[in-house]
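Everything below concerns the one structure shown next.
2 protein chains.
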Amino acid sequence: MRIAIMGGDGFVGWPTTLHLSNRGHEVHILDNLSRRWIDTELGVQSLTPMDSIQERCRIWHEVTGRRIHFHLLDLAKEYERLKAWLAEYRPDAIIHFAEQRAAPYSMKSDRHKVYTVNNNVNATHNLLAAMVETEIDAHLVHLGTMGVYGYGTVGAAIPEGYLEVQIDTLEGGPARQEILYPTRPGSVYHMTKSLDQILFQFYAQNDGLRITDLHQGIVWGTHTAETRLHVQLINRFDYDGDYGTVLNRFLIQAAIGYPLTVHGTGGQTRAFIHIQDSVRCIELALSDPPARGERVKIFNQMTETHRVRDLAHMVADMTGAEIAYLPNPRKEADENELVVENEKFLALGLEPITLSQGLMEEIVDVARKYAHRIDRKRVPAVSAWTKEIAQRVERDPERRLKSVS
Amino acid sequence: MRIAIMGGDGFVGWPTTLHLSNRGHEVHILDNLSRRWIDTELGVQSLTPMDSIQERCRIWHEVTGRRIHFHLLDLAKEYERLKAWLAEYRPDAIIHFAEQRAAPYSMKSDRHKVYTVNNNVNATHNLLAAMVETEIDAHLVHLGTMGVYGYGTVGAAIPEGYLEVQIDTLEGGPARQEILYPTRPGSVYHMTKSLDQILFQFYAQNDGLRITDLHQGIVWGTHTAETRLHVQLINRFDYDGDYGTVLNRFLIQAAIGYPLTVHGTGGQTRAFIHIQDSVRCIELALSDPPARGERVKIFNQMTETHRVRDLAHMVADMTGAEIAYLPNPRKEADENELVVENEKFLALGLEPITLSQGLMEEIVDVARKYAHRIDRKRVPAVSAWTKEIAQRVERDPERRLKSVS
Ligand SMILES: NC(=O)c1ccc[n+]([C@@H]2O[C@H](COP(=O)([O-])OP(=O)(O)OC[C@H]3O[C@@H](n4cnc5c(N)ncnc54)[C@H](O)[C@@H]3O)[C@@H](O)[C@H]2O)c1
Ligand SMILES: NC(=O)c1ccc[n+]([C@@H]2O[C@H](COP(=O)([O-])OP(=O)(O)OC[C@H]3O[C@@H](n4cnc5c(N)ncnc54)[C@H](O)[C@@H]3O)[C@@H](O)[C@H]2O)c1
């Protein structure tokens with residue numbers, strides 16, 4: 001297959017690119033490298049030393065003899081170039097990672113909110129409009145988030161995209177129907193993924209586009225089979241307060257002997273998946289496209305759930321780190337249940353890598369190995385969800401550790 | 001009150017502006033005049049001769065002694081100027097009309113799809129982000145559309161925004177919940193209003209913004225009490241295939257002795273409201289804002305429903321025009337039911353003007369009076385919803401009249 005990988009220079013995109021190239025597909029990355037610019041803006045860098053995309057592609061060729069083609073292109077701003085590219089290359093499949101993906105970054109300031117909405121909505125919509133216009137029949141696989149569900153607000157197990165509900169009809173009798181799960185995004189970033197869902201629904205219905213939306217949990221882990229092939233193929237590892245997810249920040253805190261900082265009670269339950277499984281799921285989704293005219297296919301791409309404080313204890317147990325409780329900069333419930341259905345990928349043959357299996361390797365092979373590159377100042381999460389919360393967090397004397405357990 | 005009217009130069013915005021100014025409010029129009037540019041792009045013009053916004057404001061002052069303040073500003077592209085304006089003027093209420101509002105225009109070409117999404121989503125989101133940032137506590141009243149409901153797909157009467165459903169909970173028992181009505185927009189334009197709904201939900205929940213969303217039917221009629229005060233205060237009247245709604249086009253076809261062109265079987269049911277009632281509803285909504293922290297208040301702003309072919313017969317009966325059936329350029333069901341709840345405005349005191357009362361006046365006072373200004377070539381609807389439909393419509397020999405009844 002010829003596969004276009006939008007955002008293929010990113011954390012999930014890069015190992016996906018390598019894996020699909022290794023499988024013999026003709027792989028093209030389209031990326032505007034905005035994520036690297038954001039590193040520059042924030043003054044942060046990947047824990048793992050990361051080469052330029054051009055250099056990575058050259059090394060891949062050296063190691064495997066295979067070519068990855070890189071095209072510098074902004075999906076959100078360069079509609080005409082995107083369309084021309086699709087018309088020329090006519091990919092069989094398109095994997096769409098090309099969005100601003102950090103919730104804290106999306107809440108940092110009004111400028112960041114405006115950027116995130118503008119970038120993500122236009123990237124997705126431009127892609128859809130260009131697919132219709134060029135009349136290519138590519139399967140579009142998009143990376144969405146578990147966050148569109150709003151963490152189980154309806155009090156039922158979270159189904160894979162569609163919720164069965166009962167409605168009182170005009171004729172009086174009740175009728176059962178499947179609807180898109182009522183979305184309740186908790187940040188501007190998550191909201192853009194809710195907007196994407198509606199774009200997909202429309203274009204699948206109006207134009208028969210074949211679309212798969214993967215509602216992904218938090219991706220953890222660094223290495224995959226292919227990134228291990230050469231040290232300069234290593235994946236990025238974000239640990240800063242904006243892009244570093246909760247687990248990565250715990251690993252880094254443990255590595256530098258800093259207490260693991262838990263926000264609020266740590267009772268928030270999150271869904272997780274290992275990067276190797278994420279890549280595998282994308283491949284599975286590619287192999288099982290919806291038919292033309294079928295509704296959007298939705299998978300929950302996650303393999304386990306944990307409360308944040310339980311994660312902290314897991315890392316503490318393995319490393320001897322302490323745990324500290326801080327005020328939560330996010331607007332969310334202190335404690336939430338999260339029961340998620342994920343039978344579809346299991347049925348397709350996914351065999352998950354669990355945190356209890358893989359975490360020690362992350363601690364030794366990644367966090368400790370690169371500990372000398374850690375910039376301690378970058379670890380705290382500082383983006384507050386509202387002005388009120390910002391003040392409250394600020395008042396907390398020097399954001400001091402409230403209790404060390 | 002100090003009221004900002006975003007898009008106040010438009011068809012609904014202008015009479016709303018006059019009405020609120022007449023009531024003694026301090027009224028500011030913010031508009032980028034994009035609608036006037038689109039007239040230029042399409043080579044069409046309002047049936048009624050329409051002065052510049054500056055001239056209209058001058059005449060209003062001459063006639064009433066009141067001032068309407070006009071600010072040329074693009075909500076979608078000029079975030080910083082918008083924010084500065086809000087910070088300086090701190091309006092008590094904001095009425096948001098400033099979106100590209102024609103479904104056929106939004107489906108005209110990929111460029112028009114991209115423009116509509118970009119313009120509408122950014123206009124709404126910029127406004128919300130700027131309201132949060134400036135910490136003004138204005139009540140935001142937005143004009144949405146009945147089209148977000150997708151014309152009754154769930155088979156129940158269309159409630160005012162929120163649908164009560166029954167869900168099987170984790171504990172096993174069923175629970176009743178109110179959710180945002182599952183949206184099924186039928187065009188890119190309507191889709192942007194579905195996106196708006198999610199933006200509103202998020203900002204009401206995260207930041208406590210006070211928001212009212214009016215799900216409006218097709219607005220008909222031209223004059224209001226205030227536009228009648230001077231001939232140069234007259235409202236715009238669109239009759240072209242993109243901006244002219246079905247009723248306006250029937251009126252114009254009747255006035256020039258052309259058959260009333262019905263798409264498909266004409267079994268599509270649509271919701272309607274007179275422009276005077278629309279203005280009145282907006283005023284009623286202004287007087288009844290939600291509390292801070294309350295969910296978005298949603299009203300169905302429509303007063304009656306009709307099938308398109310019944311409308312055609314109504315106009316034919318009054319004018320003697322013929323009716324012709326043409327292939328439908330839209331992708332939609334041939335026939336649909338539409339039962340809509342609109343108790344909330346009736347409870348607030350709305351007394352609707354019905355089509356059977358007001359239609360004759362439109363025929364005589366508007367369509368016939370300005371018939372000499374009609375450009376016949378502009379009446380047909382040409383924007384097709386998909387490439388397939390475009391071909392089918394095209395094949396129809398010279399888009400000839402299929403049957404004249
Ligand atoms: N990492 C996670 O834990 C996680 C969890 C759930 C969902 N996701 C989703 O998976 C996708 C990939 O995530 P990631 O962690 O690899 O993110 P990332 O930020 O590392 O990668 C995204 C890539 O897209 C590019 N990009 C952004 N906007 C673009 C535009 N307008 N035009 C072209 N390229 C653009 C960036 O430069 C970057 O290389 C995202 O859509 C994200 O929302 C990620
Ligand atoms: N007319 C109807 O039948 C109808 C029905 C349902 C809902 N609505 C909604 O009511 C609102 C008003 O409708 P209308 O018929 O008056 O439309 P209109 O096109 O006549 O008016 C919209 C106004 O907004 C302005 N505008 C558009 N984008 C802007 C931007 N980015 N920045 C600043 N100004 C911008 C335009 O210049 C125009 O003056 C729209 O949001 C529409 O979707 C209208």
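Read top to bottom, the protein sequences are chains G and Y. Numbering-wise, the first sequence is residues 1 to 405 according to UniProt numbering. Numbering-wise, the second sequence is residues 1 to 405 according to UniProt numbering. Note that beta-carbon positions come from the ideal geometry of N, C-alpha and C, so glycine has one too.
Nearest to residue i (by Cα), restricted to the options the options
i, options, result
"S356 of chain G", "G:F200, G:A312 and G:A129", "G:A312"
"G161 of chain G", "G:I167, G:G150 and G:Y115", "G:G150"
"I256 of chain G", "G:V188, G:E337, G:H372 and G:D74", "G:H372"
"V379 of chain G", "G:W37, G:L286, G:A138 and G:F250", "G:F250"
"E99 of chain Y", "Y:D74, Y:Y89 and Y:E88", "Y:D74"
"I275 of chain Y", "Y:V340, Y:H306, Y:D288 and Y:R236", "Y:R236"
"R67 of chain Y", "Y:E55, Y:A76, Y:E78 and Y:E322", "Y:E55"
"T222 of chain G", "G:A204, G:P352 and G:P15", "G:P15"
"residue 417 of chain G", "G:Y79, G:E283 and G:H190", "In the structure as shown, chain G starts at 1 and stops at 405, and residue 417 of chain G therefore has no counterpart that could be examined."
"P185 of chain G", "G:G293, G:A333, G:H263 and G:E304", "G:A333"
"F11 of chain Y", "Y:R36, Y:S21 and Y:P289", "Y:R36"
Cβ-based burial, residue i [other Cβ within 10 Å; buried from 16]
i, result
"K387 of chain Y", "exposed"
"V366 of chain G", "buried"
"G13 of chain Y", "buried"
"H61 of chain Y", "exposed"
"P49 of chain G", "exposed"
"G320 of chain G", "exposed"
"D137 of chain G", "exposed"
"M360 of chain Y", "exposed"
"T354 of chain Y", "exposed"
"L209 of chain G", "buried"
"Y79 of chain Y", "buried"
"K344 of chain G", "buried"
"V315 of chain Y", "buried"
"G144 of chain G", "buried"
"T40 of chain G", "exposed"
"S52 of chain G", "exposed"
Chain G residues whose Cβ lies nearer than 7 Å to that of residue i
i, result
"T183 of chain Y", "I198"
"residue 406 of chain Y", "Chain Y is shown only over 1 to 405; residue 406 of chain Y falls outside these bounds and no answer can be derived."
"S194 of chain Y", "I198"
"K331 of chain Y", "N206"
"N118 of chain Y", "N122"
DSSP state of residue i mapped onto helix, strand, coil
i, result
"L233 of chain Y", "helix"
"N300 of chain Y", "strand"
"I94 of chain Y", "strand"
"Y370 of chain G", "coil"
"Y203 of chain Y", "helix"
"F70 of chain G", "strand"
"W220 of chain G", "strand"
"V141 of chain G", "strand"
"R184 of chain Y", "coil"
"G267 of chain G", "strand"
"Q253 of chain G", "helix"
"I158 of chain G", "strand"
"E398 of chain Y", "Per-residue confidence for E398 of chain Y stands at a pLDDT of 46, beneath the threshold of 50, marking its modelled position as unreliable; no derived number is given."
"T261 of chain Y", "strand"
"D238 of chain Y", "coil"
"D39 of chain G", "helix"
"L348 of chain G", "coil"
Partner residues on chain Y for residue i, Cβ-Cβ distance less than 7 Å
i, result
"F202 of chain G", "P185 and M191"
"N126 of chain G", "V114"
"V393 of chain G", "Chain Y residues near V393 of chain G: none, gap ~16 Å exceeds 7 Å."
Within chain G, partners of residue i - CB distance below 9 Å
i, result
"E294 of chain Y", "Result: empty, since nearest Cβ-Cβ is about 16 Å, beyond 9 Å."
"A156 of chain Y", "I167, D168, T169, L170 and A175"
Residue i: contacting residues in chain Y (beta-carbon distance under 9 Å)
i, result
"K387 of chain G", "V132, E133, E135 and D207"
"P340 of chain G", "First, the amino acid is wrong: residue 340 of chain G is Val here, not Pro. Correct list: empty, because the minimum Cβ distance to chain Y is about 11 Å."
"L82 of chain G", "By Cβ distance, chain Y contributes nothing, its closest Cβ being about 10 Å from L82 of chain G, past 9 Å."
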